[in-house]
Amino acid sequence: DGRRPDLVCVFASPHHSDNYLQIAQRVSTHFSPRTSIGCSGAGLVGGGCEREEGPALVLCAAHLPGVGIHPFHTTGNQYPNADASPDAWTELVGAGRDQQTHFVLLANLAGPPSFDPRPLLAGLDFAYPGCTQIGGLASAADHNALFLDGALHNNGLVGIALQGNLHVDTLVARGCRPIGQPMTANTCENHLLFQLNDRPASQVLAELYHSLPAADQERMRHGLLIGVASTELKDEFEPEDFLMRNIVHMDHEKGYLAIGDSLRPGQTVQFHLRDAAAANEDLELLLDRYDREDRTPAGALLFTCTGRGRQLFGKTNHDSDAFFNQVGDVPLTGFFCNGEIGPIGQDTHLHGYTSSFGLFRALD
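Per the working numbering, the sequence shown runs over residues 1 to 364.
Written out as structure tokens, the structure is:
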């Protein structure tokens, strides 16, 4: 309609890695938005479909009247430490704390140097109470890049803080179901888990395997994960309380499991299986509940795990189709991530094997 967009999001497959800088610059110069943000992704979401392989480039442009946009970039050695005051986070983000704040965050976990976004997520929750955080980790392996306002960044995190005439609804759909019972990680060191309920972790896992039906034993060979409780302030845990982490290695002789995360003694964990039926049910329940709330988003971003899509559901466009069927013909853009950012209750976490939606609508 001839108006300059306020925000442009762009996601590019690694086939365009030689032209990442040109993509970032062309988006900035061609659209002249107030802010442009994006990253590389192993698969992309846009135009009503999910393209999980092959060259692709997707963009979405948004008019956001009455919305303040504050872009920022940070690396692991730049953001405030755990003891910093809220003012330190305000200085990093460039947005005041007197308004409801919504964040879109894109990070490169691999680096170099490597980057862990979780302290930043906790810091933003602390400095901006009640804020919304949504986003994901770039997933183009050796060809990762982050885009912000025509510039290219190879490490850290790029983000935008949105304030004003905007509300962002979030949905985090899980892709796993629990097996066995929640247990206590008694003995662990960094990413090594030695004991569960005072017994060797590998022995506990072996006994669980033999107790399962044949179909679940087969799933366990290819889709076993461990859920780490997001809080210890509950006596009984719900499936959504667990954050999925990979089991990297099992040592039968020494009795330990190597986990794709650091653990602390006393944490509650539970084994999970990647499961298409459970993932489908969880997504449909969330979307149906959202549809019944009679909200009308103007657009949405989808950050979905590389472990979902055709690999999990046996067909393409599963999550996109479910979204369109329930929410309607709403522009949907995003990418397949190496980790997804989204809330559980009042806290923001880094997830695995989820689809995290951010649905944008005006307050007026």
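All C-beta atoms, glycine included, are put in the ideal place defined by N, C-alpha and C.
Rounded to whole angstroms, the gap between the alpha carbons of residue 202 and residue 208 is 10 Å. The straight-line gap separating the alpha-carbon atoms of residue 343 and residue 122 is approximately 11 Å. Residue 144: not part of any beta strand (DSSP E); DSSP gives it neither H nor E. In this structure residue 230 is in contact with residue 347, their Cβ atoms being roughly 7 Å apart against a cut-off of 8 Å. The region 13-25 makes contact with the region 134-145, as at least three CB pairs between them are under 8 Å. In this structure, 227 is the residue among 69, 300, 227 with its C-alpha nearest to the C-alpha of residue 259. The alpha-carbon of residue 242 is positioned some 9 Å away from that of residue 351.
The residues 63, in chain order, have a CB closer than 7 Å to that of residue 3 in the same chain once the five nearest residues on each side in sequence are set aside. Segment contact: the region 167-180 against the region 256-272, three or more CB-CB distances shorter than 8 Å; contact assigned. Sequence-distant partners of residue 166 (beyond 5 residues in either direction) whose C-beta falls short of 7 Å from its own C-beta, in its chain, are 64, 67, 102, 360, 362, 363.
As the crow flies, the alpha-carbon of residue 188 is around 39 Å from that of residue 148.
The residues 247, in chain order, have a CB closer than 6 Å to that of residue 224 in the same chain once the five nearest residues on each side in sequence are set aside.
Cβ-Cβ separation between residue 45 and residue 302: approximately 5 Å, consistent with a contact (criterion under 8 Å). When secondary structure is reduced to three states using DSSP, residue 50 falls in the strand class. When rounded, the separation of the alpha-carbon atoms in residue 128 and residue 93 is 11 Å. In the structure shown, the three-state DSSP call for residue 194 is strand.
With the rule of 3 Cβ pairs closer than 8 Å, the region 285-304 counts as touching the region 317-337. One alpha carbon belongs to residue 131, the other to residue 55, and they sit about 35 Å apart.
Nearest C-alpha to residue 333 among 300, 314, 136, 267: 300. Of the residues assessed, residue 339 falls on the buried side of the cut-off, its CB having 16 or more other CB atoms within 10 angstroms.
When the Cα atoms are used, residue 75 and residue 95 turn out to be separated by approximately 18 Å. Counting only runs of 4 or more residues that sit fully inside the region 95-145, the alpha helix (DSSP H) segments are 118-127, in chain order. For residue 302, the enclosing beta strand (DSSP E) covers residues 299-305. Cα atoms of residue 174 and residue 41: separation of roughly 20 Å, rounded to the nearest angstrom. CA-to-CA, the gap between residue 9 and residue 156 works out to about 18 Å.
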